[in-house]
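Here is the structure we will look at, set down as structure tokens.
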Amino acid sequence: MDTALPTPVFARRNVAYACATLCCLLWGSSYPAIKSGYELFQIATDDIPSKVVFAGYRFLFAGALLLLFALAQRKPIGRLTPTQFGQLTILGLTQTSLQYTFFYIGLAYTTGVNGSIMNATGTFFSVLLAHFIYHNDKLSYNKTLGCVLGFAGVMLVNFHSGLSEFQFVWKGDGFVVLAAFILSAATLYGKRISQTVDPTVMTGWQLGIGGAALVAGGYATGGALEVHSMKAVAVLGYLTLLSSVAFALWSALLKVNRVSMIAPFNFVIPVAGTVLSAIFLGENILDIKYAIALVLVCSGIWWVNKRRA
Numbered sequence: 001m002d003t004a005l006p007t008p009v010f011a012r013r014n015v016a017y018a019c020a021t022l023c024c025l026l027w028g029s030s031y032p033a034i035k036s037g038y039e040l041f042q043i044a045t046d047d048i049p050s051k052v053v054f055a056g057y058r059f060l061f062a063g064a065l066l067l068l069f070a071l072a073q074r075k076p077i078g079r080l081t082p083t084q085f086g087q088l089t090i091l092g093l094t095q096t097s098l099q100y101t102f103f104y105i106g107l108a109y110t111t112g113v114n115g116s117i118m119n120a121t122g123t124f125f126s127v128l129l130a131h132f133i134y135h136n137d138k139l140s141y142n143k144t145l146g147c148v149l150g151f152a153g154v155m156l157v158n159f160h161s162g163l164s165e166f167q168f169v170w171k172g173d174g175f176v177v178l179a180a181f182i183l184s185a186a187t188l189y190g191k192r193i194s195q196t197v198d199p200t201v202m203t204g205w206q207l208g209i210g211g212a213a214l215v216a217g218g219y220a221t222g223g224a225l226e227v228h229s230m231k232a233v234a235v236l237g238y239l240t241l242l243s244s245v246a247f248a249l250w251s252a253l254l255k256v257n258r259v260s261m262i263a264p265f266n267f268v269i270p271v272a273g274t275v276l277s278a279i280f281l282g283e284n285i286l287d288i289k290y291a292i293a294l295v296l297v298c299s300g301i302w303w304v305n306k307r308r309a
């Protein structure tokens with residue numbers, strides 16, 4: 001009699017590929033959604049405190065949804081030692097609060113197209129940081145080539161006037177890159193925490209804590225968030241759901257699949273961000289430099305994740 005256990009749903013290749021692509025499409029769609037949210041909530045470009053409040057509610061609600069999801073899976077969300085809770089607090093304040101403060105401000109001063117590509121630098125920061133932190137994750141030829149290609153794409157997207165003039169707005173592009181670096185460093189810290197805390201529970205708490213800190217900080221510095229239409233509520237709800245669904249699915253995929261099989265799907269994020277920004281925000285996507293930059297960034301991510309023959 002065949003006693004072999006059935007293959008877990010998320011371990012089936014077709015399901016894994018479809019879900020990984022969905023996660024990255026959702027994350028890519030956050031770029032135009034955030035900029036649309038600013039308009040619908042009537043948040044001025046220089047109203048940083050209100051942008052922080054907007055970000056905070058998104059992640060506070062997303063964290064709560066993830067913890068409810070963990071409870072539905074009968075995972076203990078409250079059995080944390082003081083040390084673990086302290087670690088989750090640090091993770092939330094860095095990976096969510098600090099990182100998204102820079103990200104939301106930066107996105108207000110750059111285009112959704114630029115933002116999606118600039119944020120892709122996070123993959124390359126992770127590779128470089130891992131080289132100095134983990135003895136078994138040193139730079140290789142593939143990783144080095146990937147970093148070079150990726151940053152070449154990031155540089156290209158900031159050239160204007162026929163590639164003769166380099167344009168880099170620190171408060172826009174610079175803040176998005178800084179946010180990507182903070183996320184990379186915090187992710188490595190989160191990897192350490194996940195050895196003792198369930199990944200879904202960890203993500204739920206860090207999003208909730210970080211989101212609450214953003215809301216409190218935003219209101220304390222004069223921010224406000226007024227609902228002017230149901231469309232505004234829908235956008236905030238969408239941003240909340242995309243974070244919860246994407247993080248929950250991604251955690252489930254990584255639990256039963258090799259990281260090297262799932263990670264390359266990250267290339268979908270800058271592509272989705274660029275295309276969706278062009279569709280929903282009316283941004284220019286016809287310039288040849290965007291196509292070349294996307295090819296370079298995606299090629300870089302592919303090389304970083306390419307397994308040795």
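So for the sequence shown, full-length UniProt numbering puts the first residue at 1; every next one is plus one. No residue lacks a Cβ here, since even glycine has one placed at the ideal position from N, Cα and C. From a predicted model like this one, the values you see are computed outputs, not experimental measurements.
So for Ile90, helix, strand or coil by DSSP? Counted from its first residue, the sequence shown places residue 90 at position 90. Three-state result, Ile90: helix.
Between Met1 and Pro8, what straight-line distance do the alpha-carbon atoms span, to the nearest angstrom? Working through the sequence shown from its first residue, we reach residue 1 at position 1. Working through the sequence shown from its first residue, we reach residue 8 at position 8. In this predicted model, Met1 has a pLDDT of only 45, less than 50, meaning its place in the structure is not dependable enough to derive any value.
Terminal residues of the continuous alpha helix (DSSP H) containing Gly190? For the purposes of this step, residue 190 is taken as residue 190 along the sequence shown, with counting starting at 1. Phe175 to Ile193 is the span of the alpha helix (DSSP H), which, as asked, contains Gly190.
State yes or no: is the C-beta of Asn119 within less than 9 Å of the C-beta of Val169? Sequence index remark: in the sequence shown, residue 119 carries index 119 (1-based). Sequence index remark: in the sequence shown, residue 169 carries index 169 (1-based). Cβ atoms of Asn119 and Val169: not closer than 9 Å.
Do the CB positions of Ile209 and Thr96 come within less than 9 Å of each other? By 1-based counting over the sequence shown, the position of residue 209 is 209. By 1-based counting over the sequence shown, the position of residue 96 is 96. Yes. Within cutoff.
State the CB to CB distance for the pair Thr289 and Val157, rounded to an integer number of angstroms; the pair is presumed to be in contact (CB under 8 Å). As a working note, residue 289 is residue 289 in the sequence shown. As a working note, residue 157 is residue 157 in the sequence shown. For the sequence presented, residue 289 should be read as Lys rather than Thr. With a Cβ gap of about 6 Å, Lys289 and Val157 count as contacting.
Rounded C-beta distance between Phe181 and Cys147? I'm assuming under 8 Å. Walking along the sequence shown from the start, residue 181 turns up at place 181. Walking along the sequence shown from the start, residue 147 turns up at place 147. With 8 Å as the limit, Phe181 and Cys147 do not qualify as a contact, their Cβ atoms being about 13 Å apart.
Measure the alpha-carbon distance for Glu226 versus Trp302 and round it to whole angstroms. Numbered from 1 along the sequence shown, position 226 holds the residue referred to as residue 226. Numbered from 1 along the sequence shown, position 302 holds the residue referred to as residue 302. One C-alpha to the other measures close to 42 Å.
To which residues of the same chain is Ala252 closer than 6 Å at the C-beta, ignoring the five residues directly before and after it? Taking the sequence shown and counting its residues from 1, one reaches residue 252 at position 252. Closer than 6 Å at the Cβ level, and outside the excluded window around Ala252, lie Phe10.
Within the chosen definition, does the region 192 to 204 reach the region 18 to 29 through at least 3 CB pairs nearer than 8 Å? no
Go through its chain and collect everything with a Cβ distance to Ser29's Cβ below 7 Å, but skip five positions before and after it. Position 29 of the sequence shown, counted from the first residue, corresponds to residue 29. Leu242, Ala272 and Leu276.
Per-residue DSSP class, three states only, for Ile43: Looking up residue 43 in the sequence shown gives position 43. Of the three classes helix, strand and coil, the one that applies to Ile43 here is coil, per DSSP.
Determine the DSSP secondary structure at Arg58, reduced to helix, strand or coil. Position 58 of the sequence shown holds residue 58. Of the three classes helix, strand and coil, the one that applies to Arg58 here is helix, per DSSP.
If I follow the unbroken alpha helix (DSSP H) through Asn142, where does it start and stop? Along the sequence shown, read from residue 1 onward, the residue named residue 142 stands at position 142. Asn142 -> alpha helix (DSSP H) spans Tyr141 to Leu156.
Straight-line Cα distance separating Thr144 from Phe132: Taking the sequence shown and counting its residues from 1, the one referred to as residue 132 is at position 132. Taking the sequence shown and counting its residues from 1, the one referred to as residue 144 is at position 144. Rounded to whole angstroms, Phe132 to Thr144 spans 14 Å at the Cα level.
Count the other CB atoms within 10 Å of the CB of Asn14; is the residue buried (16 or more) or exposed (fewer)? Within the sequence shown, residue 14 is the residue found at index 14, counting from 1. The residue in question, Asn14, is exposed, as its Cβ has fewer than 16 Cβ neighbours within 10 Å.
In the DSSP assignment, find the unbroken alpha helix (DSSP H) run with Leu281 in it and report its ends. The residue you call residue 281 lines up with position 281 of the sequence shown. Membership of Leu281 in the alpha helix (DSSP H) is indicated by the continuous run Val268 to Leu281.
What did DSSP end up calling Gly106 once you bin it into helix, strand or coil? Your numbering for residue 106 matches position 106 in the sequence shown. Here Gly106 carries a helix assignment [DSSP, helix/strand/coil].
Using the rule of at least 16 other Cβ atoms within 10 Å of the residue's Cβ for burial, across every protein chain shown, is Gln42 buried or exposed? Translated into the one-based positions of the sequence shown, residue 42 becomes position 42. Burial call: exposed.
Within a Cβ cutoff of 6 Å, which residues of the same chain sit near Ala62, ignoring the five residues on either side of it in sequence? Here residue 62 refers to the residue found at position 62 when the sequence shown is read from its first residue. The residues are Leu207, Thr240, Ser243 and Ser244.
Are Gly218 and Pro49 closer than 9 Å when you measure CB to CB? Within the sequence shown, the letter at position 218 stands for residue 218. Within the sequence shown, the letter at position 49 stands for residue 49. The answer is yes: Cβ separation under 9 Å.
Which residues mark the beginning and the end of the alpha helix (DSSP H) in which Tyr219 is found? Along the sequence shown, one-based indexing puts residue 219 at 219. Here the alpha helix (DSSP H) through Tyr219 covers Pro199 to Ala220.
Suppose the cutoff is 6 Å on Cβ atoms and the five residues either side in sequence are ignored; what does the same chain contact list for Lys231 look like? Counting from one through the sequence shown, the residue named residue 231 turns up at place 231. For Lys231, where only same-chain residues beyond five positions count, the Cβ hits under 6 Å are Leu40.
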